[in-house]
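Reading through the structure tokens given below for one structure.
Numbering (my numbering), first residue to last: 2 to 472.
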């Protein structure tokens with residue numbers, strides 16, 4: 002096994018540990034917090050997590066541009082003075098913007114809990130955005146071990162504090178948010194310690210710093226808006242649910258999405274390792290790797306849909322107040338298939354091929370469709386089931402359009418695979434919504450076994466490829 006393969010394996014192992022720990026912690030919190038916190042408090046907590054996921058994008062493309070421009074370079078050769086300037090620039094800009102958000106929101110909103118959530122969200126953003134510059138540079142330069150440790154520290158501190166708060170009977174959403182902020186604070190302090198030369202030191206000259214910042218913003222803005230628009234695809238529907246059906250229902254839907262996102266946490270970690278690796282590969286090797294990764298990923302994920310049956314039965318017993326949200330899993334769980342393809346393959350490849358504009362356009366089109374569907378549903382139809390189903394349909398649309406574009410660029414064919422996945426997804430939903438639950442699982446297993454038979458040649462090719470690369 003050559004040094005490059007060893008390096009990829011080592012980086013992958015660190016990412017696996019970090020994301021496996023994140024999955025374990027997220028799983029425990031998903032199971033424990035709703036058990037001790039009432040539905041309304043849980044809804045406000047989820048509202049904070051929802052908002053903070055958006056406010057963390059206040060980097061203006063600077064961090065994304067740095068990742069794209071310096072991806073694959075060595076840490077020791079990057080211009081550290083420039084990043085010192087950009088780190089403190091991000092802090093100043095975010096203080097100004099968050100102050101304005103807090104001021105205007107306090108005028109417009111009468112719900113004191115929501116006003117508090119906005120304030121705490123801005124505090125979280127002030128920790129996340131500057132730290133993202135450090136983590137993106139570590140990721141770009143292949144320092145995956147340090148990058149993973151930052152993620153681990155945040156999650157572990159957050160987890161320990163939440164458990165202690167619950168044990169001492171402190172069940173309000175404010176305490177849960179406070180634990181999250183402390184975890185972020187500890188992680189940014191650690192990130193500064195291991196990459197202090199990106200934060201503490203001489204500033205680059207104003208002219209150079211300004212030019213570099215503008216370049217990073219131009220390059221990264223496409224990825225920033227592409228990622229932000231990606232979040233708005235589901236986010237618009239969730240905004241609509243909170244507006245039309247309230248915080249309590251919003252919290253129940255968020256619980257289901259959190260369960261689905263556990264798997265996506267791991268896949269996102271894999272893409273972190275995959276991006277700098279792909280940047281170093283020749284263009285003609287990318288199509289072969291694409292088909293191999295796709296087969297390796299989609300076949301087991303389609304099989305993992307089977308675990309929803311015992312999982313649903315367990316959750317119905319454990320979280321009796323959330324029966325409605327647990328039943329939503331039937332419709333939403335297949336989103337893992339299409340989100341994994343988008344996160345791990347489509348987005349990673351588009352960034353590697355420097356097709357950020359295409360990624361942005363695809364996401365914006367899907368956001369527009371999401372907005373139209375949500376407006377019609379909220380103000381005309383008022384159909385909650387349609388709101389849930391639209392989340393899955395939008396993600397399927399975005400994934401298929403992205404793959405169609407990407408496969409044309411690389412001249413590869415995956416049409417049959419897309420059709421197989423759509424058929425299995427449809428069978429899974431229909432069998433579980435309209436048939437007896439035990440009969441439904443039998444139907445899906447039969448069709449999944451038929452799918453494995455059809456894909457047997459691809460499985461053999463994949464195993465051969467893995468064996469060859471390992472030599």
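By construction, the Cβ of each residue, glycine as well, lies at the ideal position given by its N, Cα and C atoms.
As the structure is a computational prediction, the values presented were derived from the model and not from experiment.
- Under the 10 Å beta carbon count, residue 360 is surrounded by 16 or more other beta carbons and is classified as buried.
- In the three-state reduction of the DSSP assignment, residue 196 falls in the coil class.
- Counting only the Cα atoms, residue 335 lies some 14 Å from residue 313.
- C-alpha of residue 174 to C-alpha of residue 301: approximately 37 Å in a straight line.
- For the options 26, 71, 198, the alpha carbon positioned closest to that of residue 217 is the one of 71.
- The beta strand (DSSP E) runs of length 3 or more contained entirely in the stretch 290–357 do not exist; there are none.
- For residue 150, the enclosing alpha helix (DSSP H) starts and ends at 145–168.
- Cβ neighbours of residue 432 within its own chain (closer than 6 Å, five residues either side excluded): 441, 444, 445.
- A check of alpha carbon separations from residue 128 across 165, 106, 89 identifies 89 as the nearest.
- With fewer than 16 neighbouring CB atoms inside 10 Å of its own CB, residue 384 falls in the exposed class.
- Contact between the stretch 156–175 and the stretch 122–141 is absent, with fewer than three C-beta pairs closer than 8 Å.
- Its chain contains 357, 360, 361, 364 as the residues whose beta carbon lies nearer than 7 Å to that of residue 227, once the 5 sequence neighbours on both sides are disregarded; these appear in chain order.
- Of the residues assessed, residue 100 falls on the exposed side of the cut-off, its CB having fewer than 16 other CB atoms within 10 angstroms.
- Excluding sequence positions up to five before and after residue 340, its CB lies within less than 7 Å of the CB of 265, 396, all in the same chain and listed in chain order.
- Secondary structure note for residue 406: its alpha helix (DSSP H) is the uninterrupted segment 385–411.
- Listed in chain order, the non-local C-beta contacts of residue 191 below 8 Å within the same chain comprise 150, 151, 154, local neighbours out to five positions each way being set aside.
- Below 8 Å, too few C-beta pairs join the stretch 102–120 and the stretch 226–242 to call them touching: fewer than three.
- With a cutoff of 8 Å on beta-carbon distance, residue 294 and residue 426 are scored as not near each other.
- Shortest Cα-Cα distance from residue 157 to any of 198, 63, 38, 22 involves 22.
- For residue 426, the enclosing alpha helix (DSSP H) starts and ends at 416–435.
- Between the stretch 446–454 and the stretch 285–292, the count of Cβ pairs shorter than 8 Å is below three; the stretches do not touch.
- Cα atoms of residue 200 and residue 193: separation of roughly 7 Å, rounded to the nearest angstrom.
- The Cβ-Cβ distance between residue 378 and residue 387 falls below 8 Å.
- Residue 82 is positioned such that its CB atom lies closer than 8 Å to that of residue 205.
- Under the three-state reduction of DSSP, residue 37 is assigned to helix.
- In the displayed model, residue 45 falls within a helix according to three-state DSSP.
- Its chain contains 155, 158, 159 as the residues whose beta carbon lies nearer than 6 Å to that of residue 184, once the 5 sequence neighbours on both sides are disregarded; these appear in chain order.
- With respect to the 8 Å criterion, residue 62 and residue 225 are classified as neighbours on the basis of their beta carbons.
- The C-alpha of residue 186 lies about 29 Å from the C-alpha of residue 109.
- Where residue 76 is concerned, there is no enclosing alpha helix (DSSP H), because DSSP gives it neither an H nor an E.
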